[in-house]
Structures are given as C-alpha cells and as structure tokens.
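One structure below.
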Amino acid sequence: MFPLTEENKLVAHLLLSSGTCPRCIFRFCGVDFHAPYKLPYKELLSDLQKFLESGKDELVLEVPNPPPKKIRLQELEDGVDNLIRNGEGNISYIEDGNIASKNSNFSVCNVCLGILQEFCEKEFIMKVCQKVEASGFEFNNLVFSVSFPPQLSVREHAAWLLVKQEMGKQSLSLGRTDIVQLKEAYKWITHPLFSEELGVPIDGKSLFEVSVVFAHPETVEDCHFLGTICPDCFKPAKNKQSVFTRMAVMKALNKITEEDFRKQFPCPPDSPKTVCTVLEIECAHGAVFVAGRYNKYSRNLPQTPWIIDGERKLESSVEELISDHLLTVFKAESSPPGKDPDLMPIWPVFWCEHSILAPGFNFSSSGREDVDVRTLGNGRPFAIELVNPHRIHFTSQEIKELQQKINKSSDKIQVRDLQLVTREAIGHMKEGEEEKTKTYSALIWTNRPIQKKDTEFLNDIKDLKIDQKTPLRVLHRRPLAVRTRVIHSMEAHYMDEHHFRLYLKTQAGTYIKEFVHGDFGRTKPNICSLMNVTADILELDVESVDVDWPPALDD
C-alpha cells in the first residue's frame with residue numbers, strides 16, 4: 082500500500098520538482114513506518130510517479146528556484162537506471178518544463194545528497210559487509226553508525242522552510258519534529274540488510290561497531306554563509322579538520338532567523354553537483370577486560386615501564402610481562418585510525434592508585450609497589466583493558482593455558498586467577514576503598530644497638546593514626562597534601578642489635594617506608610620517633626592485599 086495520501090500530493094509534487102528523492106519526500110510527509118523506505122529505489126520512484134500522475138494536470142507548483150513549471154513526471158523514468166549504476170549527475174530544467182539529467186546521469190537528491198538513494202541499496206551494504214568480514218574481528222552482533230556531511234542539516238532546513246510555507250497556505254503546520262530524521266530512515270533500510278548479509282543481529286549495546294563516514298565536496302560552499310552570520314558558532318577545534326561540524330551547524334541553524342536564512346540559501350536547495358563519497362569504513366571492537374592477581378619476586382622490577390626524561394631505566398616491568406602475552410592472544414591494537422581520542426572510552430581509574438595508557442591496552446592495579454619491593458602472598462589485584470581486540474571468544478581452558486604461558490615466561494612474576502571480567506565489575510571496587518587493608522613485612526635497621534625489649538612495645542600499639550605529608554620521592558607526581566592513615570597493628574621480630582623485622586597491617590594508601598624513617602618529619606609519628614632511634618628500611622615485602630577481587634579460581 083502506497084504510504085502517501087491525497088493531502089500529501091502537493092508537498093510530494095513540490096519536493097520532487099525541486100530534485101528531492103522519494104525517500105526524503107516520505108520523510109517530509111511524516112511517513113514513520115519502515116516498509117516503504119525498504120523498497121528498491123527504482124520501484125519507489127515508479128510508484129511515486131504513478132501516485133502523482135492521477136492529479137498532475139490539476140497541480141501547478143510554485144517553486145522559487147528553479148522557476149515555476151508544471152512538471153511531467155513520466156520524463157524521470159529514463160534516468161532511474163543511471164541512479165543505481167553510478168550515482169552522478171544532477172537535474173537541469175529545460176525550456177518546456179521537463180526535468181532532464183545532465184550527461185544522461187540521474188539527479189542527486191538536493192536534500193540527502195544521495196544518502197537515501199544509492200547508499201542504502203543492497204549493493205552498497207554488501208561492499209560494507211565485505212570490509213567487515215575482511216577486518217578479522219570476532220563478533221556476535223554489531224552496532225552500525227554513520228556520520229553524514231554537516232550541510233545535510235542546512236539542506237533539510239531549506240526544504241523544511243519550503244514545505245512549511247506551502248502547507249501554511251493550506252492552514253496546515255509542519256514542525257521540525259514532524260520530519261522523520263535522516264538517520265532513522267537510513268537505519269530502517271540498512272539494519273535488516275546488514276543482519277541478513279552478516280548473519281548477526283543489530284544491537285545498539287554491541288561492543289562491535291561498524292562506522293561509515295560520508296563526505297561531500299560542497300560542504301564549505303553550502304555552509305559558509307552560516308559562518309558569516311553566526312561566527313561564534315564556528316571556532317577551530319582540536320582534532321577537527323573543518324569548523325563546519327554537525328553540532329556547530331545545528332547551533333547556527335537554531336540561532337539564525339528564517340528570514341535571514343532565506344536571503345542566504347535557496348529554498349528549495351539547489352541540486353548538488355556530485356553525490357556523497359564514502360570517506361572511510363571503520364570496524365572497531367569495544368575493550369575487553371582481563372583481571373587477575375600478580376606476585377612480584379624481583380627487587381629490580383618496576384610495576385610499569387620506568388622511563389625518566391625519555392630514557393628507559395630498566396628493561397622490563399610487571400605490566401609488560403603480563404600484557405605482552407594478552408595483546409598477542411587477543412589481537413588487541415591501539416585506537417583505530419581516524420578516531421577522535423577525546424571520544425574513546427574512559428578507563429575507570431577511580432579505584433586504582435595508578436593507571437597509564439599504552440598502545441593497545443590500559444594497565445591498572447589495586448595500589449602499586451616500588452621497584453625494590455616484592456609482592457608475595459596471594460598477590461596484588463590487577464586489570465588490563467585490551468583496546469580494539471580482534472579475538473574475544475575464549476574458553477576457560479584457553480585462559481588457564483594463557484596464565485600458564487605467562488608464568489613460564491619469567492621467574493620474576495607469577496599470575497593467578499586470570500579471567501575475563503566486565504567493566505562494571507571493575508567499577509564495583511570503588512566501594513570501601515579507604516577501608517581496605519594491606520599487610521607488609523619490613524626489615525629495619527637502627528643506628529644504635531637495641532634489645533628485644535626495645536621493640537616489644539610496638540606489638541601493643543593498635544589503630545595508630547599517622548599524618549603523612551606527600552613524600553618527597555613522589556612529590557613530582559602527587560599533589561602536596563597531608564593524608565591521615567591508620568596503622569592497625571604491628572608485630573616486631575627481634576633479629577640482632579641493629580635489625581628487626583616488623584609486620585604491619587595498615588590502611589590502604591599508607592607509605593610504609595616513610596612511616597619507618599619519618600621522611601624528615603613529614604610523617605608523624607614514625608618508627609624513629611616511637612623508638613627514639615634513627616631507623617631505615619632495608620627490605621620491604623607486600624604480604625597481602627586484602628581485596629576480595631577478582632574471584633578466586635580453582636587451580
């Protein structure tokens with residue numbers, strides 16, 4: 082059943098005579114159900130012609146540009162085949178009022194610039210799907226996104242003013258929200274075609290995105306008048322090739338008056354010289370997250386790459402020993418080309434004491450240890466965000482084998498409880514962060530001889546509050562502040578006149594080295610002040626990080 086009614090005829094005639102395609106005509110007539118848009122373009126144009134033929138002799142259109150003419154619709158049929166084949170050319174108006182096509186090519190729609198003509202037909206969808214299949218990504222569903230040339234908003238605005246004026250003559254109104262959005266119509270047509278061709282559903286929540294970016298050479302020509310009238314709307318932006326972005330154009334259109342717009346831009350819009358081009362077709366997969374716990378057995382291994390003034394100090398790090406294997410297996414890579422880094426997903430660092438960006442991944446952990454500190458016991462929780470992974474499907478056995486491979490590759494670290502997790506699962510770790518505890522073992526030296534009795538009183542101290550001004554050694558990367566931390570308990574093991582081992586259970590975020598030597602009085606109280614000695618820490622081990630995450634797995 083044809084979707085237009087008798088009351089739509091005048092608007093349909095008006096738009097078609099100005100060079101508007103059938104699908105855009107449906108949009109301006111408020112056709113908000115999917116089926117008509119899905120029909121092949123040639124069939125749509127034929128049906129529209131038949132619909133308008135019935136009363137064409139009674140309709141004389143008032144089209145400001147081109148001049149008023151009585152249209153003979155049958156003349157359009159000869160140009161339809163060219164539309165499907167090559168998508169080039171434009172309408173010219175000849176003296177007797179017929180619509181002809183230059184160079185025997187079809188007319189590019191003066192509103193959608195060809196988007197709803199050849200770029201939603203099955204032939205184009207198949208080309209996109211070929212690119213998707215060649216990309217090498219694993220996916221169960223996908224989200225399809227498009228970026229249209231910004232002047233489409235200008236041209237749609239011009240067509241709307243034309244139709245609005247004509248409907249006003251009949252005491253009818255047409256609001257901007259009455260027009261079906263171009264992206265909506267495009268989605269109705271293309272989504273079923275993508276699902277059929279790729280064999281997966283379209284899902285707005287999918288992590289796998291296929292994006293098509295359209296461009297048009299006449300963007301500046303169509304939009305420059307807005308820059309003159311509303312210069313405040315168009316300011317150069319970082320990572321933007323042109324000031325005429327979609328948001329800037331929309332902002333200007335909301336400010337400009339209808340009268341000023343009509344003076345600057347033809348209503349209806351002129352037929353474009355060329356059709357849109359496809360600037361890029363990109364495939365990208367949202368990040369996947371791998372979590373686990375690591376032990377560090379070396380006193381010469383930083384958690385993350387140690388680089389000072391551009392010079393690398395140590396050859397490896399915990400981060401690299403783990404992530405190198407994950408990057409290979411998941412086939413993760415850096416952000417896809419052409420993507421605006423400001424729009425990339427943001428890693429939830431709120432629960433971590435450290436997080437850095439590296440090509441293809443983000444590594445984060447629940448706290449961090451110094452290069453000379455070991456992490457023993459059940460290890461430290463960590464998570465790695467793998468960016469744009471091509472492989473995402475793994476069995477639990479494959480993950481276990483990956484963990485074994487990491488552990489066999491180095492005697493400096495070991496990994497346990499390796500598993501795939503969700504972004505939300507990581508976010509839950511924010512809860513109760515300040516209440517978490519960690520236990521340490523510290524080998525302490527004193528400048529003067531001590532006896533066992535000199536250390537025993539430390540065992541009786543419970544929930545000691547200390548004030549720690551940002552340590553000098555981290556002042557270059559941490560803001561200056563005084564932080565109150567709690568030493569929950571201590572247990573001293575006397576070794577000899579100048580050494581004892583101290584086991585501590587502390588609040589997360591406590592600087593243990595500074596609690597021992599005092600950091601020139603920046604941590605108060607400290608072991609030096611409590612024992613009335615000069616003390617320093619010779620060795621430090623993290624014995625446990627009391628975070629019940631990720632869930633423990635069977636070996």
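If you count the sequence shown from 1, position 192 lands on 273 in our numbering, and the numbers rise without skipping. Note that beta-carbon positions come from the ideal geometry of N, C-alpha and C, so glycine has one too. None of these values were measured; they are calculated from a predicted model.
Across which residues does DSSP place residue i in a beta bridge pair?
i	result
residue 373	463
residue 622	455, 522
residue 586	520, 570
residue 389	392
residue 45	Coverage of the chain is limited to positions 82 through 636, which leaves residue 45 absent and any answer about it impossible.
residue 617	526
residue 575	581
residue 604	549
residue 359	295
When the Cα atoms are used, what is the spatial distance from residue i to residue j?
i	j	result
residue 451	residue 228	47 Å
residue 601	residue 400	32 Å
residue 289	residue 205	20 Å
residue 381	residue 591	22 Å
residue 487	residue 471	20 Å
residue 353	residue 221	39 Å
residue 246	residue 351	18 Å
residue 627	residue 508	17 Å
residue 266	residue 191	16 Å
residue 477	residue 448	27 Å
residue 127	residue 251	28 Å
residue 345	residue 359	28 Å
residue 480	residue 373	11 Å
residue 491	residue 322	46 Å
residue 644	residue 562	Lying outside 82 to 636, the shown extent of the chain, residue 644 is not represented and no answer is given.
residue 259	residue 111	6 Å
residue 457	residue 211	50 Å
residue 624	residue 398	20 Å
residue 424	residue 117	Note that residue 424 scores a pLDDT of 34, beneath 50, so its modelled location is shaky; the value from the coordinates is reported in the next line. If you take the alpha carbons of residue 424 and residue 117, they lie about 35 Å apart.
residue 173	residue 256	With a pLDDT of 32 at residue 173, under the threshold of 50, the modelled position of this residue cannot be trusted; read the value that follows with caution. Answer to the nearest angstrom: the Cα atoms are 30 Å apart.
residue 287	residue 506	18 Å
residue 368	residue 89	48 Å
residue 295	residue 197	12 Å
residue 586	residue 521	7 Å
residue 316	residue 393	40 Å
residue 543	residue 453	28 Å
residue 664	residue 463	A query on residue 664 cannot be resolved here, the shown segment of the chain reaching from 82 to 636 and no further.
residue 99	residue 240	9 Å
What residues in its chain sit with their C-beta under 7 Å from that of residue i, if we drop five residues either side in the sequence?
i	result
residue 193	102, 105, 233, 263
residue 218	289, 364, 366, 471
residue 552	592, 595, 600, 603
residue 113	261
residue 304	231, 232, 235, 325, 330
residue 606	547
residue 201	267, 270, 271
Given residue i, which residues of its chain have a CB within under 6 Å of its CB, disregarding the five upstream and five downstream residues?
i	result
residue 138	Confidence is the limiting factor: at residue 138 the pLDDT is only 48, short of 50, which leaves the residue's position unreliable and the question unanswerable from this model.
residue 539	571, 573
residue 588	566, 567
residue 622	455, 457, 522
CB-CB under 8 Å to residue i, same chain, minus the five flanking residues each way: which ones, in chain order?
i	result
residue 442	404, 407, 408, 413, 465, 466, 467, 468
residue 339	242
residue 306	345, 346
residue 92	106, 109, 110, 244, 247, 248
residue 207	278
With a threshold of 7 Å (Cβ to nearest heavy atom), would residue i be considered close to the ligand SAH?
i	result
residue 104	The ligand content of the structure shown is nil, which means the ligand SAH is not present either.
With three or more beta-carbon pairs closer than 8 Å as the criterion, would you say the stretch 229-238 touches the stretch 373-390? No, because fewer than three Cβ pairs between the stretch 229-238 and the stretch 373-390 fall closer than 8 Å, the two stretches do not touch.
Is the number of C-beta pairs between the stretch 614-621 and the stretch 592-600 that are closer than 8 Å three or more? Yes, they touch.
Alpha helix (DSSP H) runs wholly inside the stretch 447-501, at least 4 long, in chain order: 477-490
What runs of the alpha helix (DSSP H), each 4 residues or longer, lie entirely inside the stretch 274-320? 300-310
Within the chosen definition, does the stretch 579-591 reach the stretch 514-528 through at least 3 CB pairs nearer than 8 Å? yes
Can at least three beta-carbon pairs, one atom from the stretch 487-504 and one from the stretch 623-632, be found at a separation below 8 Å? The stretch 487-504 vs the stretch 623-632: in contact.
Is the stretch 263-272 touching the stretch 328-343 in the sense that three or more CB pairs, one from each, lie closer than 8 Å? no
What residue ranges within the stretch 521-565 form continuous alpha helix (DSSP H) runs of no fewer than 4 residues, ordered along the chain? Correct list: 534-537.
Enumerated in chain order, which unbroken segments of the beta strand (DSSP E) with a length of 3 residues or greater are wholly contained in the stretch 224-270? 224-228
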